[in-house]
Structures are given as C-alpha cells and as structure tokens.
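Following my numbering, the numbering of the sequence shown begins with 3 at its first residue and continues without gaps. See structure below.
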Amino acid sequence: MDAKGSVTTIQDWLSGRAADAALGPAASRVVEILATQPHLASYASTADLAERASVNVATVVRTSRLLGFSGWPELRLELRSRYLSSLSASQVLAEHDGVAGNPASDAIRRDIENLETLARTVDLDAIRAVATAIHQARWTVVLGSGTFAAPGVQLVHAGTTMGLDMLLERHFGTHLANTVNRLGAGDCLVTVNLWWLPKQVLEAARIARERGATTCTITDLRSSPLVDASDLVIVVPSEGVIGFPSLTPAVAAVHAVLAELGRLGGARVRKAMERSDAVWQRMGLFGS
Numbered sequence: 003m004d005a006k007g008s009v010t011t012i013q014d015w016l017s018g019r020a021a022d023a024a025l026g027p028a029a030s031r032v033v034e035i036l037a038t039q040p041h042l043a044s045y046a047s048t049a050d051l052a053e054r055a056s057v058n059v060a061t062v063v064r065t066s067r068l069l070g071f072s073g074w075p076e077l078r079l080e081l082r083s084r085y086l087s088s089l090s091a092s093q094v095l096a097e098h099d100g101v102a103g104n105p106a107s108d109a110i111r112r113d114i115e116n117l118e119t120l121a122r123t124v125d126l127d128a129i130r131a132v133a134t135a136i137h138q139a140r141w142t143v144v145l146g147s148g149t150f151a152a153p154g155v156q157l158v159h160a161g162t163t164m165g166l167d168m169l170l171e172r173h174f175g176t177h178l179a180n181t182v183n184r185l186g187a188g189d190c191l192v193t194v195n196l197w198w199l200p201k202q203v204l205e206a207a208r209i210a211r212e213r214g215a216t217t218c219t220i221t222d223l224r225s226s227p228l229v230d231a232s233d234l235v236i237v238v239p240s241e242g243v244i245g246f247p248s249l250t251p252a253v254a255a256v257h258a259v260l261a262e263l264g265r266l267g268g269a270r271v272r273k274a275m276e277r278s279d280a281v282w283q284r285m286g287l288f289g290s
C-alpha cells in the first residue's frame, strides 16, 4: 500500500491510466471526480457519476473503456477495491460505522451484492484458463496469508480429492522459500490475496514465474503488483461490512475453477473421487 493517502494514490493510478488515453473535456471531468472523490465514485451508479461530472451516461461508459475497462461496473469495482485497500482495518470499520443497522443481515446482503457484481464482471475465460493450468500442471502449490488461505483450503481439498497433486502452503519464511524453490516448468502456483499484499507472497509469485511455473492469482485489485507477477488473473469483489474483506466472491471463483476442473478431468476425476470415497469408507470417516 502506498504510504500516501487514498486520494493521492488513486490520483497517481488514474493519471497513469489516462496518460495513454485520448480524453476529451467531458471524459476528463469524469476522471477528475474519480480522482478527487473516490469514496463517492466507488459507490456511485452510472447515472450518479454522470450527474456529478455534468456529463451523460454514455460519456461515463466511454471513459471507462478509454481507461481500459469493459464499462463502469468493472471500473467501479477496481476503484472501490483500490480505495478500501488504502485504508487500515480500523479505517475500513469506521467507513461502515453507523451504516449497518443489522450487521448480520447487512453482511449477507453485501455478499449478495458482491456475488451479483462478480457475475457481471468476472472473466470466465480467466476461470477456464486457471483450471486448465492446474489440470495440466505436474504439481500445484496454493498460497494465501491468514484468512485469505480459506479459498485455498477449498481448492486444494477438492482438487486432491479429484486426483490432482496439490499443496496448500500456509507457512512462510524459510519453509515457504523451500517450497517455492521446488517449483519449475510444468508446475503451477496459485495465490489468493485480497486487500494488503504481504511481501513474501509477491516474491514467491515472482520467483515461481522466473523458474518457469505458471502463476495464477485471485485478487480484488486489477492493479495489484501480483498481477504483473502472474500469467493468469481472476479479479473478484471483496467488500465487507466490518474491518475485513469478504471472502465469499473468492470462494465462488474457486468453486467455478473446480467446476471447470471436473469438466476437464472427465472420467479420470470420477475414478479419483471413487477411490477417495472408498478410502473414506474404509477409514470410517463418515456414518456408522
């Protein structure tokens, strides 16, 4: 995270995006609102942003595309994730303070909205490509720090049940270094990271890619440094109602990857799952 405040960070990011775009006066007004009022813009509808910038809705859509996005929903997702990632946990909590009248139901509604956003903005080709990379890999390592390892637990547990050679790496320091050192051509590294980015996660991805492994990332920031270190990227929303991101969209993305793995594996996956089921029964893991 940049040491500067969120507005300055977003201004720098937008300036870099706008530098390669031919923005007219109307589009420049839209970018100015995004840069100077990121909180407002990250929650605004297309019509709200158009009104604030004194332009029409078509100009907002056109500006989003000039900045490299498919439309305003995709740009708003990136802007919101970038804005929230510039805040500390206590600042994110303050962001929602007083808004959630019923925190439990508000959290569920937020996740419903997150999943609706994911359905509109997710790159299905990226989902399929990540699944293909895992399917073709000799060995796949899945890496996540703290709670961000949770989607990785789902991916690795189901993947190994489907007969794939996968490892969930929860350790850091020299243990992680040794794991990364084993990665090479024909292997795959999947990182799951939202909000702030641990340095060791980033370096692990960089090293794995340098060694020839296919690197995949599930992130809430299209502009994350992890994106530059990754061959394949799945971008998900992550906004929660307390001081931490929601993992629900990341878990849904993993579910989609697993569905593709099932399709790619076909009969091999079915046989692997039958073998797993036989071992579970023999070990008396479930039932009487």
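Yeah, the Cβ is synthetic: ideal placement off N, Cα and C, and Gly gets one too.
- When rounded, the separation of the alpha-carbon atoms in K273 and G165 is 8 Å.
- For G146, the enclosing beta strand (DSSP E) stretches over residues T142 to G146.
- Nearest neighbour of P247 by Cα position, chosen from V57, T221 and V158, turns out to be T221.
- With fewer than 16 neighbouring CB atoms inside 10 Å of its own CB, T38 falls in the exposed class.
- Using a Cβ distance threshold of 8 Å, P105 and V243 count as a contacting pair.
- With a 10 Å radius around the Cβ and a threshold of 16 neighbouring Cβ atoms, L249 comes out buried.
- When only Cα atoms are considered, G289 and Q283 end up about 9 Å apart.
- Per DSSP, E241 lies in no beta strand (DSSP E) segment and is marked neither H nor E.
- L234 sits in a strand when the DSSP states are folded into three classes.
- Rounded to the nearest whole angstrom, the C-alpha separation of A135 and C190 is 7 Å.
- Taking 8 Å as the cut-off, the Cβ atoms of G148 and V194 do not count as close.
- Using a Cβ distance threshold of 8 Å, L68 and L36 do not count as a contacting pair.
- Within the same chain, I12, W15, L223 and S225 come within 7 Å of R84 by CB-CB distance, once the 5 residues on both sides are set aside.
- Rounded to the nearest angstrom, the Cβ distance from I209 to I129 is 25 Å, too far for a contact under 8 Å.
- Each of S240, V57 and S278 was checked against the Cα of P251, and the nearest Cα belongs to S240.
- Boundaries around L169 are those of the beta strand (DSSP E), M168 to E171, since no alpha helix (DSSP H) includes it.
- For N195, the uninterrupted beta strand (DSSP E) run begins and ends at C190 to N195, by DSSP.
- The closest CA to that of N183, considering only D167, W141, Q156 and F150, is found on W141.
- Here the alpha carbons of L228 and S66 stand approximately 23 Å from one another.
- I114 and V238 have their alpha carbons spaced roughly 13 Å apart.
- By the criterion of a C-beta distance shorter than 6 Å, V192 is surrounded in its chain by V144 and C218, once the five residues flanking it on both sides are discounted.
- Of the residues assessed, R64 falls on the buried side of the cut-off, its CB having 16 or more other CB atoms within 10 angstroms.
- In this structure, A43 lies near L51, with their beta-carbon atoms less than 8 Å apart.
- Taking C-beta atoms as the reference points, R31 and S47 fail to come closer than 8 Å.
- Residue pairing for I220: DSSP places it in a beta bridge opposite V194 and I236.
- Inter-residue distance for A24 and D230 is about 24 Å (C-alpha atoms, whole angstroms).
- Cβ neighbours of L77 within its own chain (closer than 7 Å, five residues either side excluded): S66, L69 and F71.
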